[in-house]
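Participant: One structure, as structure tokens, below. Some questions next.
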């Protein structure tokens, strides 16, 4: 299965899971008198649209290079990640606002059975986080990583709701707003996670130097090519699921231009064969003296 297919399957997993969670949380929150669960349902609803955006970004960024996009369409992925972060910030703002309103409004204690629902949700969302995060690592997808963090933040808000409802039920009358305070806390955590998702995507857009481990691997593979004496500059920028490389390779100064040209092609082909996640590779030949 290709990286793109793996990422797409993980996104469909998120869409189906988030749809089921939004329905379950919404019904449990409404009938169980828990705004923390309703807030959780709101986040899961925004997660559905966010996952749809991720799906679009992955499919679009996988398009091959063309005349107007010689490096491909990979930069669409971090742009979609920014939109996903926007969804997270919006849901956090709505949850915080509604939590503050509910804290000031008298209401009934949550139903005890909502804890059972929340326990099942926490287990499922943490499992979903691990599944999608594993796929994001396999595919080098920043938008899929953002989607995984949606699941983790969802699990955290559910934990906060569990704690809040437990406090309200244990302490009884006068503590009905405990789950609303839990929802307010969860909104702050969502905002924090939004930054953690946003920062790597910004680095990708700005061609930030973030890939030291890959540079070491590229240099090691280069030295295994006959005729390559060493390497100098190595610049890497990420676009979608591929890494584009500019590499300066040192060769014997006595070889002909054609020999240098052939060596550059040999090095490029070897790098792309040994390191499949590489996309466009530009080799600049340097003499050894």
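Residue numbers (my numbering): 323 to 611.
Here a beta-carbon is modelled for each residue, glycine too, at the ideal position from N, C-alpha and C.
Can you give me the C-alpha to C-alpha distance between residue 543 and residue 581, rounded to a whole angstrom?
Facilitator: As a working mapping, residue 543 is identified with position 221 in the chain shown. As a working mapping, residue 581 is identified with position 259 in the chain shown. Near 20 Å, if we compare the C-alpha coordinates of residue 581 and residue 543.
Participant: Using a Cβ distance threshold of 8 Å, determine whether the stretch 536 to 556 contacts the stretch 585 to 595, with at least three qualifying pairs required.
Facilitator: At 8 Å Cβ cutoff, the stretches touch.
Participant: From residue 503 to residue 492, what does the alpha carbon distance come to, in whole angstroms?
Facilitator: Counted from its first residue, the chain shown places residue 503 at position 181. Counted from its first residue, the chain shown places residue 492 at position 170. C-alpha separation (whole angstroms): 15 Å.
Participant: According to the neighbour-count rule (16 or more other Cβ atoms, all chains shown, within 10 Å of its Cβ), is residue 442 buried or exposed?
Facilitator: Position 120 of the chain shown holds residue 442. By the neighbour-count rule (16 or more Cβ atoms within 10 Å), residue 442 is not buried but exposed.
Participant: May I ask you to report which of helix, strand or coil DSSP gives residue 559?
Facilitator: For the purposes of this step, residue 559 is taken as residue 237 along the chain shown, with counting starting at 1. Reduced to three states, the DSSP call for residue 559 is strand.
Participant: Would you say residue 565 touches the ligand COA, meaning its beta carbon is less than 6 Å from a heavy atom?
Facilitator: Looking for the ligand COA in the displayed structure turns up nothing, as the structure carries no ligands at all.
Participant: Which parts of the stretch 423 to 498 are runs of the alpha helix (DSSP H), unbroken and 4 residues or longer, counting only runs that do not cross its ends?
Facilitator: Runs found: 436 to 461, 464 to 493.
Participant: Terminal residues of the continuous beta strand (DSSP E) containing residue 526?
Facilitator: What you label residue 526 is simply residue 204 of the chain shown in a count that begins at 1. Premise fails: residue 526 lies in the alpha helix (DSSP H), 500 to 527, not in any beta strand (DSSP E).
Participant: Looking at the unbroken alpha helix (DSSP H) that takes in residue 534, where does it start and where does it end?
Facilitator: Stepping through the chain shown from its first residue, residue 534 is reached at position 212. It spans 534 to 544 - the alpha helix (DSSP H) in which residue 534 sits, taken as one unbroken run.
Participant: Name, in chain order, the residues that DSSP records as bridge partners for residue 573.
Facilitator: For the purposes of this step, residue 573 is identified with residue 251 of the chain shown, where counting begins at 1. Answer is 609, bridged to residue 573.
Participant: Nearest CA to the CA of residue 568: which residue from 561, 578, 557?
Facilitator: Here residue 568 refers to the residue found at position 246 of the chain shown. Of 561, 578, 557, the residue nearest in Cα terms is 557.
Participant: What three-state label does DSSP hand residue 565 in the structure shown?
Facilitator: Position 243 of the chain shown holds residue 565. In the structure shown, residue 565 sits in a strand (DSSP, three-state: E or B).
Participant: Would a C-beta distance cut-off of 7 Å place residue 403 and residue 483 closer than the cut-off?
Facilitator: For the purposes of this step, residue 403 is identified with residue 81 of the chain shown, where counting begins at 1. For the purposes of this step, residue 483 is identified with residue 161 of the chain shown, where counting begins at 1. Their beta carbons are not under 7 Å apart, which means residue 403 does not touch residue 483 by this criterion.
Participant: Excluding the five sequence neighbours on either side, which residues of its own chain have a C-beta within less than 6 Å of the C-beta of residue 537, listed in chain order?
Facilitator: Start at 1 with the first residue of the chain shown, and residue 537 comes out as number 215. Cβ neighbours of residue 537 beyond the five flanking positions: 556.
Participant: If you check the beta carbons only, do residue 511 and residue 478 fall under 7 Å apart?
Facilitator: Translated into positions along the chain shown, residue 511 becomes position 189. Translated into positions along the chain shown, residue 478 becomes position 156. Yes, the Cβ-Cβ distance between residue 511 and residue 478 is below 7 Å.
Participant: May I ask you to list the residues that DSSP assigns as paired with residue 603?
Facilitator: For the purposes of this step, residue 603 is taken as the residue at position 281 of the chain shown. Residue 603 pairs with 567.
Participant: Are the beta-carbon atoms of residue 432 and residue 356 separated by less than 7 Å?
Facilitator: Taking the chain shown and counting its residues from 1, one reaches residue 432 at position 110. Taking the chain shown and counting its residues from 1, one reaches residue 356 at position 34. Yes, the pair counts as a contact, with Cβ atoms nearer than the cut-off.
Participant: Can you check whether the CB of residue 384 is closer than 7 Å to the CB of residue 366?
Facilitator: Within the chain shown, numbered from 1, the residue matching residue 366 stands at position 44. Within the chain shown, numbered from 1, the residue matching residue 384 stands at position 62. It is not a contact, given that the beta carbons lie outside the stated cut-off.
Participant: Taking 8 Å as the threshold, find out whether the stretch 408 to 415 comes into contact with the stretch 386 to 394 through three or more Cβ pairs.
Facilitator: Contact fails: fewer than three Cβ-Cβ distances are below 8 Å.
Participant: Indicate the three-state DSSP secondary structure (helix, strand or coil) for residue 549 in the structure shown.
Facilitator: As a first step, residue 549 must be located in the chain shown, where it is residue number 227. Coil at residue 549, not helix or strand.
Participant: What's the gap between the Cα of residue 451 and the Cα of residue 470?
Facilitator: On the chain shown, residue 451 is found 129 positions in, with the first residue counted as 1. On the chain shown, residue 470 is found 148 positions in, with the first residue counted as 1. Looking at the two C-alpha atoms, the distance is approximately 5 Å.
Participant: With a threshold of 6 Å on Cβ separation, who are the neighbours of residue 440 within its own chain once the five nearest residues in sequence on each side are excluded?
Facilitator: The residue you call residue 440 lines up with position 118 of the chain shown. Excluding residues within five positions, the ones whose Cβ falls inside 6 Å are 480, 483, 484.
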